[in-house]
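Colleague:
Number of protein chains: 4
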Amino acid sequence: MEKNTSGNTGLFIPGPTNIPDKIRQALNVSMQDMRAPDFGELTLPIFADVKKIMGLENGEVFIFPGSGTAGWESAISNLLSFGDEVLMSSFGQFSLLWVDMAQRYGLNVHHCEEEWGLGVPLDRYREILEADKAHKIKAVFVCHNETATGVVSNIEAVRDILNDLDHPALLCVDGVSSIGSLEFHMESWGVDVVVSGSQKGFMLPTGLAIVGVSEKALNSRATANLPRTFLSYDDMLKTNVTGHFPYTPATTLFHGLRASLDMIFDEGLYNVIARHTRLANGVRAGVHAWGLSLCAKTPNLYSNTVSAIVIPEDFDSAEVIKTAYYRYNMSLGAGLNKVAGRVFRIGHLGNLNEIMVLQALAGAEMAMHDCGIQIELGAGVAAAQETFLQANDIKVTKAA
Amino acid sequence: MEKNTSGNTGLFIPGPTNIPDKIRQALNVSMQDMRAPDFGELTLPIFADVKKIMGLENGEVFIFPGSGTAGWESAISNLLSFGDEVLMSSFGQFSLLWVDMAQRYGLNVHHCEEEWGLGVPLDRYREILEADKAHKIKAVFVCHNETATGVVSNIEAVRDILNDLDHPALLCVDGVSSIGSLEFHMESWGVDVVVSGSQKGFMLPTGLAIVGVSEKALNSRATANLPRTFLSYDDMLKTNVTGHFPYTPATTLFHGLRASLDMIFDEGLYNVIARHTRLANGVRAGVHAWGLSLCAKTPNLYSNTVSAIVIPEDFDSAEVIKTAYYRYNMSLGAGLNKVAGRVFRIGHLGNLNEIMVLQALAGAEMAMHDCGIQIELGAGVAAAQETFLQANDIKVTKAA
Amino acid sequence: MEKNTSGNTGLFIPGPTNIPDKIRQALNVSMQDMRAPDFGELTLPIFADVKKIMGLENGEVFIFPGSGTAGWESAISNLLSFGDEVLMSSFGQFSLLWVDMAQRYGLNVHHCEEEWGLGVPLDRYREILEADKAHKIKAVFVCHNETATGVVSNIEAVRDILNDLDHPALLCVDGVSSIGSLEFHMESWGVDVVVSGSQKGFMLPTGLAIVGVSEKALNSRATANLPRTFLSYDDMLKTNVTGHFPYTPATTLFHGLRASLDMIFDEGLYNVIARHTRLANGVRAGVHAWGLSLCAKTPNLYSNTVSAIVIPEDFDSAEVIKTAYYRYNMSLGAGLNKVAGRVFRIGHLGNLNEIMVLQALAGAEMAMHDCGIQIELGAGVAAAQETFLQANDIKVTKAA
Amino acid sequence: MEKNTSGNTGLFIPGPTNIPDKIRQALNVSMQDMRAPDFGELTLPIFADVKKIMGLENGEVFIFPGSGTAGWESAISNLLSFGDEVLMSSFGQFSLLWVDMAQRYGLNVHHCEEEWGLGVPLDRYREILEADKAHKIKAVFVCHNETATGVVSNIEAVRDILNDLDHPALLCVDGVSSIGSLEFHMESWGVDVVVSGSQKGFMLPTGLAIVGVSEKALNSRATANLPRTFLSYDDMLKTNVTGHFPYTPATTLFHGLRASLDMIFDEGLYNVIARHTRLANGVRAGVHAWGLSLCAKTPNLYSNTVSAIVIPEDFDSAEVIKTAYYRYNMSLGAGLNKVAGRVFRIGHLGNLNEIMVLQALAGAEMAMHDCGIQIELGAGVAAAQETFLQANDIKVTKAA
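Those sequence lines, one after another, are chains C, S, V and D. For what it's worth, this note's numbering labels the leading residue of the first sequence as 54, then goes sequentially. For what it's worth, this note's numbering labels the leading residue of the second sequence as 54, then goes sequentially. For what it's worth, this note's numbering labels the leading residue of the third sequence as 54, then goes sequentially. For what it's worth, this note's numbering labels the leading residue of the fourth sequence as 54, then goes sequentially.
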């Protein structure tokens with residue numbers, strides 16, 4: 054199929070997300086000396102501001118040149134030792150990959166395998182932690198927002214379990230596709246490590262692993278014997294104090310991150326989160342108007358940053374994605390691993406507004422239609438429009 | 054109303070148009086010496102390639118730092134003299150402004166005032182030219198594509214009249230919103246001057262007046278006594294021969310124009326024109342599905358680069374535009390002068406594809422709905438989708 | 054000669070000048086609607102801030118898509134009538150071109166032809182104006198900074214003559230290569246029109262003619278009968294009041310101009326002017342260390358934005374420029390018209406610092422040496438360094 | 054000290070280096086889907102072309118989002134096991150850090166500590182390898198170009214030793230500041246891993262670790278038991294085959310890398326290397342004209358990408374760097390660790406030409422002078438100019 058390359062590409066994957074103009078401008082910068090005496094004037098306020106986004110009051114933020122995967126690895130290698138017991142769960146490709154990483158790093162993983170479309174298994178977590186009277190489990194891992202299935206998990210509930218049981222395990226969270234887009238309160242939820250990346254809610258190109266670490270987690274470095282250097286928190290701590298780094302940082306992206314944080318604060322973090330909710334509701338209304346369902350099993354699991362849409366059996370979601378890409382110059386997210394062929398995903402996070410969502414739905418309708426899936430053209434768009442109008446009404450009421 | 058500034062702005066005015074990434078990259082350039090000996094390596098091929106876009110074989114292309122208005126003025130001041138008789142028509146804001154300019158320049162204008170929504174009045178033109186046995190009319194002006202009303206006029210038919218009557222008047226055409234988007238054959242249509250700008254089909258920022266001039270028109274410079282220096286064809290001719298300019302050119306935009314021409318040739322000029330036709334059909338299908346009509350009176354006048362949509366009486370199109378802008382972060386074209394308040398415009402030219410059109414329609418639906426106009430949400434989108442599917446079918450058939 | 058294209062080009066022409074990163078970022082922007090209701094939020098503060106740069110309190114600033122030449126033309130066509138007597142002088146290529154333009158526009162020019170290297174002939178101006186008891190001379194033109202010869206003229210002295218004689222002629226000034234770089238006090242000097250461009254002290258790409266017009270000059274529009282539309286002050290006045298324009302403005306450059314003004318105010322206009330003085334002193338020290346002289350005849354005429362350097366007879370300055378360009382990837386300014394082959398120019402304005410001046414001198418030394426001119430390598434650099442050190446000392450003393 | 058922020062910053066650190074316009078343009082790009090079916094059209098040719106730069110015929114190139122440190126770590130974690138014996142040497146900050154990393158990863162390091170300013174200790178390497186009859190040493194590490202001291206080591210000689218002794222150890226090379234700038238023949242020199250980064254000879258922002266791995270090295274993965282996931286060659290191999298990645302790659306930098314490779318091939322890799330030699334000679338001539346010496350002990354150790362300049366005792370090189378930074382808007386490289394305060398560094402690699410070198414020397418002269426170091430102003434510049442003129446002569450001769 055020849056590619057339709059005219060017009061702007063519709064980018065509706067759950068990351069990298071669309072870069073706003075202000076960030077694009079900030080990225081268009083000459084190189085500079087990362088050992089300059091005033092380099093901290095750029096970086097130190099960024100550390101402080103990222104902490105605000107994470108809801109982290111005590112503790113540190115580390116920013117590595119890398120991706121979310123590097124962030125995951127840093128959480129393991131800086132805080133744990135060979136053979137440590139950890140509690141993890143998988144219910145999608147990304148939660149699964151973190152389990153796989155922990156196993157490769159020689160951890161002893163209590164692995165709760167859940168059906169894809171579900172979230173963190175609170176009951177099993179409670180059961181296992183309760184049984185662990187000796188507190189051999191050193192860390193509990195949760196994927197806050199499973200990007201592969203569009204499922205959000207209840208982090209606060211996991212914290213409640215740990216508190217109920219007075220269990221000292223670290224709480225490590227994958228927030229790659231949630232930080233900056235969904236509510237997250239690192240301090241009050243008692244999260245010890247949260248891993249994020251530049252290319253989701255921060256609206257930047259890929260290239261930064263952004264990790265928040267609690268004081269409690271920082272203290273566990275002393276006994277952690279897994280090897281690390283590139284991703285060492287110790288090395289970061291020593292140099293970050295003046296805003297410098299143990300090796301050359303990705304300075305360009307720091308300029309972009311500065312612009313990103315300014316944009317988020319200008320809009321207001323709670324407005325950003327409310328916008329994600331509003332736009333996600335529009336997407337979901339569209340999906341239901343198509344007569345299709347989400348991979349996420351129940352409404353309380355619906356993610357406000359990504360929707361994985363299950364297409365009718367007898368159809369291949371990869372064909373829908375390919376048609377969208379080649380014929381309509383639009384990128385939809387692929388179904389991964391167990392849900393390959395079964396779902397396509399619409400990312401709805403970061404730099405997004407109502408008309409971008411409507412575009413995503415309109416384009417998806419055409420691609421599905423071309424693949425022979427029976428949906429009424431325009432139906433998803435209309436349903437989303439309805440939800441946006443209602444949201445407008447609410448806004449007007451509030452303003453009055 | 055507070056402005057919705059999240060997400061990418063939907064820019065659906067008939068110019069400046071959306072800049073493609075390749076052009077944006079080309080514009081991001083350091084300054085350079087416009088007197089450098091090899092400067093012509095950049096500019097000379099551009100002159101040649103713009104001629105291809107215009108269908109100009111003999112004659113010259115002049116590129117001024119300016120806008121379309123500068124191009125209009127150059128056509129008057131370089132080719133005509135005080136008191137010269139010219140034949141012009143107005144049927145929209147831009148054709149009217151050219152008439153006004155000619156009058157300000159002291160020309161004796163035969164002004165055919167037409168209803169807005171019509172195009173060039175061929176019968177009256179024939180009548181007037183036929184009556185002009187003495188060939189006092191030195192030039193005939195036509196607005197090829199009236200951007201204010203979305204009306205395309207038949208240039209070839211004007212040429213036929215001149216030929217039929219053996220009338221030697223120059224044929225001067227406003228092609229600002231048609232060149233590079235609609236069929237245009239300067240040579241075979243016998244057009245003597247065509248005026249274009251950078252910010253429409255060329256997909257660049259505003260800042261260049263791009264003018265094609267036939268050999269016949271160039272010869273009329275000798276007797277033309279209107280004053281000109283900044284917009285002098287003579288000064289350009291002397292210096293352009295080596296690719297240089299009589300004063301500092303807008304070099305940055307030349308780099309953008311290079312990228313623009315490359316993109317047009319890569320897609321193929323005829324494919325570009327066919328795409329404009331296809332996308333315009335989609336817009337019009339949407340408008341009709343809303344139960345609304347176009348400002349252009351008959352289908353043969355429908356422009357493939359811009360649609361002026363008449364809203365129901367009792368409503369103010371300015372409110373629709375304002376709502377779209379503030380609430381949905383989307384720019385629609387205003388109704389100008391006689392059609393102010395009565396129409397809003399959707400520009401559909403340049404860097405555009407199907408999903409961008411669907412976005413424009415979806416957003417316009419919401420803005421109209423918010424203003425109380427009774428339209429069925431999603432109806433315009435669905436109608437446009439239908440036309441795009443049919444177009445796809447045709448494409449598939451062709452490929453087989 | 055094959056071109057050396059490695060490394061960054063050394064751009065040392067007197068415009069377009071080197072674009073600072075902040076401006077380059079500002080220029081990297083999506084298109085937007087120039088009819089949007091809030092467009093004035095961008096443009097209105099720019100008008101006000103440009104007035105500050107010009108020292109204009111009453112009157113208006115007009116910003117056209119164009120170059121300095123368009124600005125010149127606007128001063129003529131908006132304020133004068135066919136056959137008007139004007140007083141002008143030429144002492145370099147740019148002052149000469151303005152004379153030529155006035156003549157082409159049908160003005161009756163009292164043309165004082167001066168030796169190139171001199172400035173405005175104050176005595177002859179006084180003489181002619183004194184003789185004009187009937188006040189037939191409607192306007193007096195002066196080129197503040199003759200870019201071709203590196204000569205600055207005394208505008209205040211011309212005003213003094215007019216005041217002494219109580220002569221009501223308008224005072225029209227070419228400030229293309231002085232505004233934003235040299236002292237300029239439009240109000241207190243009683244300047245009625247000053248013409249500038251984007252690509253000099255404003256550090257932008259070419260593409261804007263920036264014109265300041267006094268109230269007195271604005272009043273003379275009423276009787277001025279020269280034709281104008283593209284460059285009409287009337288049309289601008291009507292639309293600029295809300296920050297809009299009579300036709301599509303070069304919005305991209307407005308964003309750049311915003312950044313430029315911010316940079317100038319951040320540094321402080323007087324610091325900017327002092328920096329130009331300091332850097333120009335460095336260039337001149339270098340020239341004298343080479344044993345060469347400037348085209349400007351006496352130190353009081355030396356321009357702080359550009360130096361035209363006279364090379365020894367028997368050598369062709371075009372060869373020096375060509376050698377610099379091809380062999381050292383460096384652009385020097387050409388000798389124009391009467392001084393072609395005799396001078397090369399170093400532009401030292403806009404975004405410039407000490408090490409850029411040293412680079413210019415070092416590269417010029419090499420190019421001259423390659424052409425056989427006997428200069429001591431490093432001598433110009435060392436002389437400039439000496440002046441910069443002294444300037445530093447002064448700065449330190451001040452700070453204490 | 055207040056910072057001089059006017060003009061362009063002179064960036065003369067040994068990385069990140071100055072980004073050429075063409076690369077800056079390439080980086081100014083929208084986000085895209087890294088799982089798109091045609092993503093390999095971007096990435097696969099890059100892998101092939103990087104191999105050409107490295108002189109790698111068999112084997113693979115891996116490109117991680119990270120920095121050179123990540124590349125170092127990948128070489129250790131993918132190829133070695135806990136307790137493996139390796140041979141390493143330190144003679145500067147970066148070679149020392151690699152030793153430190155190996156020790157942290159639990160390797161048993163034969164650490165040859167050399168005086169800083171020397172290179173790889175060939176005799177000791179031979180001695181140690183000769184003694185290792187049991188071939189317990191699994192890998193030999195060499196820093197090709199020690200960026201901290203400006204010392205280049207002879208990689209080929211290390212290979213010769215291994216070959217002489219028929220020793221099967223892997224040869225792992227730090228080529229961070231040499232690849233793309235200095236001669237490097239991975240295949241013929243029998244290098245098994247070479248680590249590079251984006252921000253040196255590739256002229257890109259920091260953010261990519263670029264690693265070449267021989268087939269022999271790839272085969273050693275099977276037995277290597279050190280943990281890795283983010284930097285896993287296995288995961289890369291599985292996905293790179295179609296041009297995809299195990300996690301989101303830094304796509305923006307891939308576009309920049311494409312432009313970088315195009316530029317290097319356009320100039321010709323050998324011309325690039327010759328240019329580095331020529332420019333380095335200029336820097337060194339300048340240093341000697343100042344009466345100063347290099348940190349590198351003997352001419353055969355002089356690096357062509359960076360010079361570490363020893364300043365007279367009683368002075369602090371940090372003051373020179375600070376003065377250059379604040380007063381002259383110029384970044385010089387710091388002295389690190391053992392040579393802190395004793396040397397400052399001039400990076401002369403990547404996007405560089407003669408006039409940039411002259412600028413670096415002129416600025417360094419001023420900064421040193423301001424700090425009270427007795428050097429003759431202009432002397433270093435003049436000496437460098439002399440070498441460039443000779444180089445020009447040579448070029449001319451060759452061309453004839």
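Cβ coordinates follow ideal geometry from the N, Cα and C atoms, glycine included.
With DSSP as the reference, label V:ILE106 as helix, strand or coil.
Modeller: helix
Colleague: C:PHE194 by DSSP, collapsed to three states: which one?
Modeller: Here C:PHE194 sits in strand by DSSP.
Colleague: So, using beta-carbon positions, are D:ASP245 and D:SER230 closer together than 8 Å?
Modeller: no
Colleague: Can you tell me the Cβ-Cβ gap for D:MET84 and C:LEU64, rounded? I've got them flagged as a contact below 8 Å.
Modeller: That belief holds up - the Cβ atoms of D:MET84 and C:LEU64 are roughly 6 Å apart, short of 8 Å.
Colleague: Relative to the ligand SAH, is the shortest distance from any of its heavy atoms to the C-beta of D:ALA262 smaller than 7 Å?
Modeller: Only the bare structure without any ligand can be found here, which leaves the ligand SAH out of the picture.
Colleague: If we cut at 8 Å on Cβ distances, does D:SER143 have a partner in chain V?
Modeller: no
Colleague: Is D:PHE397 helix, strand or coil when you go by DSSP?
Modeller: strand
Colleague: Within 8 Å, do at least three Cβ pairs link the stretch 338-347 of chain C to the stretch 118-132 of chain C?
Modeller: no
Colleague: Just verifying my parser: in three-state terms, what is the DSSP assignment at D:SER30?
Modeller: The displayed coordinates of chain D run from 54 to 453. Any statement about residue 30 of chain D would go beyond what the structure contains.
Colleague: For chain D, is any of its Cβ atoms less than 8 Å away from the one on C:PRO90?
Modeller: For C:PRO90, the answer is yes, since a Cβ of chain D falls inside 8 Å of its Cβ.
Colleague: Checking 8 Å against the spacing of the C-beta atoms, do C:PHE147 and C:CYS196 come in under that value?
Modeller: yes
Colleague: By DSSP's criteria, S:ASP227 is part of a beta bridge. Which residues make up the other side?
Modeller: S:CYS196 and S:VAL248
Colleague: For chain D, check one thing: does any of its Cβ atoms lie closer than 8 Å to the Cβ of C:ARG179?
Modeller: no
Colleague: Pull up the CB-CB distance for V:VAL247 and V:MET107, whole angstroms please, since I reckon it's below 8 Å.
Modeller: 6 Å
Colleague: Could you give the distance in angstroms between the alpha-carbon of V:CYS165 and the alpha-carbon of V:LEU140?
Modeller: Cα atoms of V:CYS165 and V:LEU140: separation of roughly 8 Å, rounded to the nearest angstrom.
Colleague: Quick check: V:ALA123 and S:PHE135, are their CB atoms within less than 8 Å of each other?
Modeller: no
Colleague: Report, in whole angstroms, the separation of the C-beta atoms of D:LEU402 and D:GLY309, which I expect to be a contact under 8 Å.
Modeller: Not quite, the Cβ-Cβ distance comes to about 17 Å (not below 8 Å), so this is no contact.
Colleague: Would you call the stretch 295-312 of chain V and the stretch 87-98 of chain V in contact, with 3 or more CB pairs under 8 Å?
Modeller: yes
Colleague: So, is C:GLN78 buried or exposed, given that buried needs 16 or more other C-beta atoms within 10 angstroms?
Modeller: buried
Colleague: Whose C-alpha, out of C:GLN412, C:TYR378, C:PRO280 and C:VAL363, is nearest the C-alpha of C:VAL455?
Modeller: Residue 455 of chain C falls outside the range modelled here, since chain C spans only 54 to 453, and no answer is possible.
Colleague: Identify which residue in D:THR62, D:ILE399, D:PRO67 and D:ILE76 has its Cα closest to the Cα of V:ILE72.
Modeller: Looking from the CA of V:ILE72, the closest CA among D:THR62, D:ILE399, D:PRO67 and D:ILE76 belongs to D:THR62.
Colleague: Looking only at its own chain, which residues have a Cβ that is under 6 Å from the Cβ of S:ALA361, when we skip the five neighbours before and after it?
Modeller: THR202, GLY203, CYS348, VAL396 and ARG398
Colleague: Of all Cβ atoms in chain V, is any one closer than 8 Å to the Cβ of C:ASN382?
Modeller: no
Colleague: Within the stretch 134-194 of chain V, note down every full beta strand (DSSP E) run reaching 3 residues or more, in order along the chain.
Modeller: 138-143 and 161-166
Colleague: Quick one: what does DSSP say S:LEU347 is sitting in, helix, strand or coil?
Modeller: strand
Colleague: Measure how close the beta-carbons of S:LEU235 and S:LEU182 come, nearest whole angstrom, since I'm counting them as under 8 Å.
Modeller: That pair is no contact at about 24 Å.
Colleague: Can you look up V:ILE51 in the DSSP assignment and give me helix, strand or coil?
Modeller: Since the first residue of chain V shown is 54 and the last is 453, residue 51 of chain V is not available in this structure.
Colleague: Relative to the C-alpha of C:VAL193, which candidate in C:GLY250, C:ARG157 and C:LEU133 has its C-alpha closest?
Modeller: C:LEU133
Colleague: Would you kindly work out how many angstroms separate the C-alpha atoms of C:ASN111 and D:VAL226, rounded to a whole number?
Modeller: Pairing C:ASN111 with D:VAL226, the inter-Cα distance amounts to about 41 Å.
Colleague: Report the CB separation of D:VAL211 from D:LEU224 in whole angstroms; it is logged as a contact under 8 Å.
Modeller: That pair is a contact at about 6 Å.
Colleague: Count the other CB atoms within 10 Å of the CB of D:HIS188; is the residue buried (16 or more) or exposed (fewer)?
Modeller: exposed
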